[in-house]
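*Asks:* First, the structure itself, so that you have it in front of you.
Residue numbers (the UniProt record's numbering): 1 to 397.
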């Protein structure tokens with residue numbers, strides 16, 4: 001067929017329709033009156049890990065105990081994650097698997113470097129602050145991390161136009177915690193209280209989570225009471241035998257689920273959420289039950305009053321100095337002081353159940369968590385050879 005026989009239509013410029021979204025002309029240097037959607041508004045997919053939920057979240061403290069669960073829950077719903085880190089980047093490599101390819105990004109930062117913090121959150125619509133320290137070091141005090149660090153993150157999040165800020169505090173946080181063994185009370189709890197106020201000053205609509213003792217894989221609650229360092233040989237020294245302390249521990253998966261629910265629910269902004277478990281126990285009953293689950297209750301285990309053993313208290317005071325500031329087994333006076341506080345639950349404040357979370361009972365989860373701590377753990381037992389331990393008794397809130 002001859003080329004002359006081809007009918008080639010003439011190219012004409014067609015005016016775009018009058019709509020809110022038009023084509024972008026990259027050759028023009030003049031701004032167009034075009035309303036472009038932001039990337040976090042472009043939801044796609046069916047809601048799974050390979051979808052995009054519309055949430056772009058920066059998670060500070062993502063490599064910690066709670067942070068790993070939060071990142072996994074966010075990745076399962078298709079969240080784009082920006083994970084700031086300090087120190088060795090190799091420690092963050094396992095978190096690449098929580099999201100789909102290209103959805104998990106890493107950014108080095110320093111808590112005193114505002115520029116690095118701003119780079120970490122400038123493209124996000126959600127910021128989650130999980131940064132915390134259980135003990136003070138020569139580089140960071142409790143106030144440096146829980147107060148000034150939290151204030152900086154909140155201030156820069158508001159500056160960057162972040163829509164949702166979630167800050168994790170502590171259940172028993174108080175301006176003046178009641179002293180037991182330390183003359184001025186727990187500095188950790190006081191710094192958590194001051195951190196909440198600092199976040200509220202910089203970001204009034206922040207969601208504050210106040211979790212109780214959190215248990216789960218690699219936690220510092222079950223492993224603390226079941227480890228050898230907390231025992232005096234086979235005996236367990238506890239303040240007033242542990243009978244004057246009440247705890248309401250919460251499963252880490254429930255706390256992570258509550259944080260994800262708060263990311264998706266704008267109606268809870270500015271609220272305080274108490275992250276506590278479904279049941280309340282005496283600490284003495286809990287520790288006895290832990291030893292029954294580990295099959296160590298009949299091997300010389302016994303509780304006694306910590307106040308009658310000053311040598312054991314001295315061990316808590318000296319151990320961090322002997323280990324150059326890194327307390328082995330979480331053995332230090334600040335942790336012992338917090339252990340004595342009973343969980344203060346305000347019935348007027350929202351809980352995880354108000355976010356739609358079905359709480360996990362300790363009786364269902366703890367036997368699995370303590371399986372590795374059982375006596376004769378490598379013994380191939382027959383079905384029904386060992387009796388099921390009696391569950392712990394609960395107390396009313």
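Heads up, the beta-carbon is just placed ideally off N, CA and C, and yes, glycines get one too.
Exposed or buried, what is residue 55 when buried is set at 16 or more other beta-carbons lying within 10 Å of its beta-carbon?
*Replies:* On the chain shown, position 55 is the one that residue 55 refers to. Buried is the call here.
*Asks:* Quick one: residues in its chain with C-beta nearer than 6 angstroms to the C-beta of residue 289, no 5 flanking neighbours on either side, listed in chain order?
*Replies:* Numbered from its first residue, the chain shown carries residue 289 at position 289. The beta carbon of residue 289 sits closer than 6 angstroms to the beta carbons of 392 from its chain, once the five residues preceding and following it are set aside; these are given in chain order.
*Asks:* Distance check for residue 276 and residue 248, CA to CA, integer angstroms please.
*Replies:* The count along the chain shown starts at 1 and reaches residue 248 at position 248. The count along the chain shown starts at 1 and reaches residue 276 at position 276. If I take the Cα positions, the gap works out to 6 angstroms.
*Asks:* By a C-beta neighbour count over all protein chains shown, 10 Å radius and 16 as the cutoff for buried, is residue 69 buried or exposed?
*Replies:* Position 69 of the chain shown holds residue 69. Looking at its Cβ environment, which holds 16 or more other Cβ atoms inside 10 Å, residue 69 is buried.
*Asks:* Going by beta carbon distance, what residues of the same chain come within less than 7 angstroms of residue 221, once the five residues before and after it are set aside?
*Replies:* Locating residue 221 in the chain shown gives position 221, where the first residue counts as 1. If we look at residue 221 and ignore the five residues flanking it on each side, its Cβ neighbours are 213, 214, 215 and 249.
*Asks:* Looking at residue 340: is its Cβ nearer than 7 angstroms to the Cβ of residue 176?
*Replies:* The sequence position of residue 340 within the chain shown is 340, counting from 1. The sequence position of residue 176 within the chain shown is 176, counting from 1. Going by C-beta atoms, residue 340 is not nearer than 7 angstroms to residue 176.
*Asks:* Would you check if the distance between the CB atom of residue 226 and the CB atom of residue 373 is smaller than 7 angstroms?
*Replies:* Here the question's residue 226 lines up with position 226 in the chain shown. Here the question's residue 373 lines up with position 373 in the chain shown. For residue 226 and residue 373, yes; Cβs fall inside 7 angstroms.
*Asks:* Specify the secondary structure class of residue 175 as computed by DSSP and reduced to three states.
*Replies:* In the chain shown, counting from the first residue as 1, residue 175 sits at position 175. Reduced to three states, the DSSP call for residue 175 is coil.
*Asks:* Can you give the Cα-Cα distance for residue 300 and residue 82, rounded to whole angstroms?
*Replies:* As a working note, residue 300 is residue 300 in the chain shown. As a working note, residue 82 is residue 82 in the chain shown. Taking the straight line from one Cα to the other gives about 50 angstroms.
*Asks:* Please give the ranges of any beta strand (DSSP E) in the stretch 37–71, keeping only runs that are unbroken, at least 3 residues long and fully inside the region.
*Replies:* 56–60
*Asks:* Do residue 294 and residue 370 have their C-beta atoms closer together than 7 angstroms?
*Replies:* Along the chain shown, one-based indexing puts residue 294 at 294. Along the chain shown, one-based indexing puts residue 370 at 370. The answer is yes: Cβ separation under 7 angstroms.
*Asks:* Return the CA-CA distance between residue 287 and residue 311, expressed in angstroms with no decimal places.
*Replies:* Counting from 1 along the chain shown, the entry for residue 287 is found at position 287. Counting from 1 along the chain shown, the entry for residue 311 is found at position 311. Cα atoms of residue 287 and residue 311: separation of roughly 22 angstroms, rounded to the nearest angstrom.
*Asks:* Around the Cβ of residue 281, are there at least 16 other Cβ atoms within 10 angstroms (buried) or fewer (exposed)?
*Replies:* Looking up residue 281 in the chain shown gives position 281. Looking at its Cβ environment, which holds 16 or more other Cβ atoms inside 10 Å, residue 281 is buried.
*Asks:* So, is residue 217 buried or exposed, given that buried needs 16 or more other C-beta atoms within 10 angstroms?
*Replies:* Mapped onto the chain shown, residue 217 falls at position 217. Exposed, since its Cβ has fewer than 16 Cβ neighbours within 10 Å.
*Asks:* Within a Cβ cutoff of 6 angstroms, which residues of the same chain sit near residue 279, ignoring the five residues on either side of it in sequence?
*Replies:* As a working mapping, residue 279 is identified with position 279 in the chain shown. Result list for residue 279: 394, in chain order.
*Asks:* Which residues does DSSP pair with residue 280 in a beta bridge?
*Replies:* Sequence index remark: in the chain shown, residue 280 carries index 280 (1-based). Residue 280 pairs with 395.
*Asks:* Rounded to the nearest angstrom, what separates residue 202 and residue 160 at their Cα positions?
*Replies:* Looking up residue 202 in the chain shown gives position 202. Looking up residue 160 in the chain shown gives position 160. Roughly 12 angstroms separates the two Cα atoms.
*Asks:* For residue 136 and residue 385, I'd like the C-alpha separation in whole angstroms.
*Replies:* Your numbering for residue 136 matches position 136 in the chain shown. Your numbering for residue 385 matches position 385 in the chain shown. So the alpha carbons of these two residues sit roughly 46 angstroms apart.
*Asks:* Can a CB atom of chain D be found closer than 7 angstroms to the CB of residue 239?
*Replies:* Among the chains in the structure shown there is no chain D, since it carries only a single protein chain.
*Asks:* If you draw a straight line from the C-alpha of residue 96 to the C-alpha of residue 47, how long is it?
*Replies:* As a first step, residue 96 is located in the chain shown; it is residue number 96 there, counting from the start. As a first step, residue 47 is located in the chain shown; it is residue number 47 there, counting from the start. Taking the straight line joining both Cα atoms gives about 19 angstroms.
*Asks:* Would you be able to state if there are at least three C-beta pairs under 8 angstroms between the stretch 185–196 and the stretch 164–176?
*Replies:* yes
*Asks:* Among 62, 78 and 103, which residue has its Cα nearest to the Cα of residue 87?
*Replies:* The residue given as residue 87 occupies position 87 in the chain shown. The shortest C-alpha to C-alpha distance from residue 87 to any of 62, 78 and 103 is the one to 62.
*Asks:* Should residue 154 be labelled buried (16 or more other beta-carbon atoms within 10 Å of its own) or exposed?
*Replies:* Here the question's residue 154 lines up with position 154 in the chain shown. Buried, since its Cβ has 16 or more Cβ neighbours within 10 Å.
*Asks:* In the DSSP output, what is residue 236 paired with across the bridge?
*Replies:* Locating residue 236 in the chain shown gives position 236, where the first residue counts as 1. According to DSSP, which records beta bridges pairwise, residue 236 is partnered with 303.
*Asks:* Using C-beta distances below 7 angstroms, list every residue in its chain close to residue 336, excluding the 5 sequence neighbours before and after it, in chain order.
*Replies:* Here residue 336 is taken as the residue at index 336 of the chain shown, counted from 1. The answer, listed in chain order, is 181 and 316.
*Asks:* Going by alpha carbons, who is nearest to residue 89 out of 328, 321, 105 and 100?
*Replies:* Position 89 of the chain shown, counted from the first residue, corresponds to residue 89. If we check each option's Cα against that of residue 89, 105 comes out closest.
*Asks:* Is the distance from the Cβ of residue 199 to the Cβ of residue 157 below 7 angstroms?
*Replies:* For the purposes of this step, residue 199 is identified with residue 199 of the chain shown, where counting begins at 1. For the purposes of this step, residue 157 is identified with residue 157 of the chain shown, where counting begins at 1. No, they are not a contact pair.
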